Amino acid sequence: MEPPRAGEVLVLFGITGDLAKKMIIPALYRLVRRGELTVPVIGVALTDWDDDRLRAHLADCVRAASGRSGGEVDEEALERLQRSTSLVAGDYTDPAVFTRLADAITEHAGPTAFAVHYLAVPPALFGTVADGLAGVGLHTRSRLVVEKPFGRDLASARALQALLAKHYPEDRIFRVDHFLGKEPVEDLLVLRFANTLLEPLWDRQWIDRFEVTMAEDFDVADRGSFYDAVGTVRDVVQNHLLQVLAYLLMDAPLSDAADDQRDAKARLLRAVRRLDPAEVVRGRYDGYLDTPGVASGSTTETFVAATFHVDDWRWAGVPVHLRAGKALPDTVLDVVAVLRPPPRALFSGGHAAVQPDRVRLRLQPRAGITITLLAKQPGQGDIPTEIPLSVDFREVLGPVHAPYERIFGDALAGDPAHFARMDTIEQAWRIVEPILDPGIAPQPYARGSWGPEAAERLPGPAGWVTLPPAWTEAPAPRDTAGGTSATGPAGTGAARPATEGALTR
Ligand code: BG6
1024 MEPPRAGEVL VLFGITGDLA KKMIIPALYR LVRRGELTVP VIGVALTDWD
1074 DDRLRAHLAD CVRAASGRSG GEVDEEALER LQRSTSLVAG DYTDPAVFTR
1124 LADAITEHAG PTAFAVHYLA VPPALFGTVA DGLAGVGLHT RSRLVVEKPF
1174 GRDLASARAL QALLAKHYPE DRIFRVDHFL GKEPVEDLLV LRFANTLLEP
1224 LWDRQWIDRF EVTMAEDFDV ADRGSFYDAV GTVRDVVQNH LLQVLAYLLM
1274 DAPLSDAADD QRDAKARLLR AVRRLDPAEV VRGRYDGYLD TPGVASGSTT
1324 ETFVAATFHV DDWRWAGVPV HLRAGKALPD TVLDVVAVLR PPPRALFSGG
1374 HAAVQPDRVR LRLQPRAGIT ITLLAKQPGQ GDIPTEIPLS VDFREVLGPV
1424 HAPYERIFGD ALAGDPAHFA RMDTIEQAWR IVEPILDPGI APQPYARGSW
1474 GPEAAERLPG PAGWVTLPPA WTEAPAPRDT AGGTSATGPA GTGAARPATE
1524 GALTR
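Read the sequence shown against our numbering and you will find it ends at 1528, with the numbers running on by one and no gaps.
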């Protein structure tokens, strides 16, 4: 296979949309500021703006994002972004738009320039755009980058893929899952495979179960019509959380190369059993039905808790309990490996009362690791008591880049490692398919609770493991905004404070 070509021009379909405004343009500005985006940017949109209006739009987006993160705008960098950006206006169904786009590419980057086409438009338009590009021959020298959601189920994902595959081979289709652009998510691989401490423990012999929590303390706010058509399973489980699960459980890849990593992920996902509705609790927070845009009689879930089983040699018999939802008590993404108890309880007086050892990998808002061990309580007798060994990565290592900056950097460079390959998307749809659209109302839960009561006991009678105090007491700044969806970006809710600093944890 030929090495990927670097993008010589970035084409942004949907430059006037909400996703571009909140996430993409601020990320491009930060890349320009660091000198990492030097190619021309051509926006494509229905709205016809002159140069001044386009420049003002870019400035508005950058200033709003900087205002949210409390940062200063680098006027010189903004000016560079404005100078390098132009607009082609028109309806995507009109072939003339693509002729004008081809002319603009020639004008700004040359007649043979390799383009990266970023589709921040509703998925229903992906095929139309791919056809339009092919109609003027641009498909032979470009890469397509598409936003989530990729389909609504296995069949629609395959149908969408067929539309793109008419013109683009797999190695030139980059499917965005912004969780793959999060450094703490990728760090799961480094923590697991750059060390020898964890990996010997990481199997059925030592691990009793995993618990994965993705909680958000805000509701769907002004994203009602987007969210109601999607629900928690499609919004964050099928994509983000199954990618996290794959990093957490997969075997070591043959190398750090993109396809070796993606092969290892695909193999793991193939081993994950389809969800059994009997091991799933769907919930809906009180008041959801009053949200503007939500259909009356909606049965969409805003919370899900589910048990996954991995039918392979390493994980047979080790359940993975996962919960995700809106309007929960906290905003957090973390993974807990609960270890098996020692074969004999040698120390009386308390051993039975404490929880087993845990390894907690915290991905956001404040990435870090806590290993909970038992040590002797001072005083008479051998009474074990818990001690958390904790590291906050930002304090030790400093801040990291936001997901969208990495996504654009990689898309331009042609590095597919942090994009979802089609086989993993298909596997993910296969796994969640039994719980999509059951057509019955989810169980109610109070805002600020951990979901319906039935979910509390999903991992067993003792419930989910509790947070060690070190985590709950620490003031936790939020991670960089990263919600993705061309049709309904996250971070638009009033209840959700957006932080878009260039570097963050
Ligand atoms: C988005 C979902 O893809 O991810 C949102 O559409 C969710 O509903 C968001 O809030 C979470 O992303 P992050 O980066 O803010 O944790």
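Ideal Cβ placement from N, Cα and C applies to all residues, glycine included.
These numbers were taken from a predicted model, which means no experiment stands behind them.
Run the proximity test for residue i: is its beta-carbon closer than 7 Å to any non-hydrogen atom belonging to the ligand BG6?
i       : result
Glu1239 : yes
Asp1251 : no
Gln1387 : yes
Asp1258 : yes
His1263 : yes
His1201 : yes
Tell me whether the beta-carbon of residue i lies closer than 8 Å to the beta-carbon of residue j.
i       : j       : result
Gln1266 : Phe1173 : no
Arg1195 : Arg1166 : yes
Leu1051 : Ala1082 : no
Leu1397 : Asp1380 : yes
Ala1287 : Asp1438 : no
Val1488 : Gln1387 : no
Ile1458 : Val1213 : no
Tyr1191 : Val1152 : no
Glu1324 : Arg1337 : no
Val1034 : Val1139 : yes
Gly1066 : Leu1110 : yes
Glu1418 : Leu1177 : no
Phe1149 : Leu1104 : no
Phe1233 : Val1343 : yes
Asp1335 : Ala1294 : yes
Arg1307 : Pro1461 : no
Asp1446 : Ala1289 : yes
Val1085 : Ile1047 : no
Ala1143 : Ala1043 : yes
Ala1436 : Ala1029 : yes
Arg1470 : Gly1310 : yes
Leu1298 : Ile1454 : yes
Leu1272 : Val1333 : yes
How should residue i be labelled, buried or exposed, when 16 other C-beta atoms within 10 angstroms of its C-beta is the threshold for buried?
i       : result
Asp1405 : exposed
Asp1357 : buried
Thr1163 : exposed
Lys1399 : exposed
Glu1170 : buried
Gln1403 : exposed
Asp1279 : exposed
Arg1076 : exposed
Trp1452 : buried
Thr1236 : buried
Lys1189 : exposed
Asn1262 : buried
Glu1206 : buried
Gly1037 : buried
Ile1448 : buried
Ser1319 : exposed
Thr1507 : Residue confidence for Thr1507 is low, a pLDDT of 40 falling below 50, so the modelled location carries little weight; the figure read from the coordinates is stated next. Per the 10 Å Cβ criterion, buried.
Ile1463 : exposed
Gly1340 : exposed
Pro1492 : Unreliable placement is indicated for Pro1492, whose pLDDT of 45 sits below 50; no coordinate value is reported for it.
Glu1193 : exposed
Pro1300 : exposed
Ala1068 : buried
Leu1412 : exposed
Glu1025 : exposed
Pro1484 : exposed
Ala1088 : buried
Rounded to the nearest angstrom, how far is the Cβ of residue i from that of residue j, given a contact under 8 Å?
i       : j       : result
Ile1128 : Ala1136 : 6 Å
Tyr1270 : Asp1258 : Between Asp1258 and Tyr1270 the Cβ distance is about 19 Å, and since that is not below 8 Å, they are no contact.
Thr1039 : His1080 : 7 Å
Gly1316 : Gly1247 : 3 Å
Leu1450 : Leu1292 : As written in the sequence, residue 1450 is Gln, which differs from the Leu given in the question. Contact flag correct, Cβ pair sits at about 4 Å.
Ala1434 : Val1064 : Not a contact, Cβ separation roughly 12 Å.
Ala1238 : Asp1071 : The pair is not a contact, with the Cβ atoms about 43 Å apart (cut-off 8 Å).
Glu1031 : Ala1132 : 5 Å
Next item on the list: Would you be able to state if there are at least three C-beta pairs under 8 Å between the segment 1225 to 1232 and the segment 1357 to 1370?
Entry: yes
Check: Below 8 Å, can you find three or more Cβ-Cβ pairs linking the segment 1477 to 1488 to the segment 1338 to 1353?
Finding: yes
Next item on the list: Determine contact between the segment 1179 to 1186 and the segment 1420 to 1433, defined as no fewer than three beta-carbon pairs at a distance below 8 Å.
Entry: no
Item checked: Contact the segment 1315 to 1331 vs the segment 1461 to 1476: 3+ CB pairs below 8 Å -> yes
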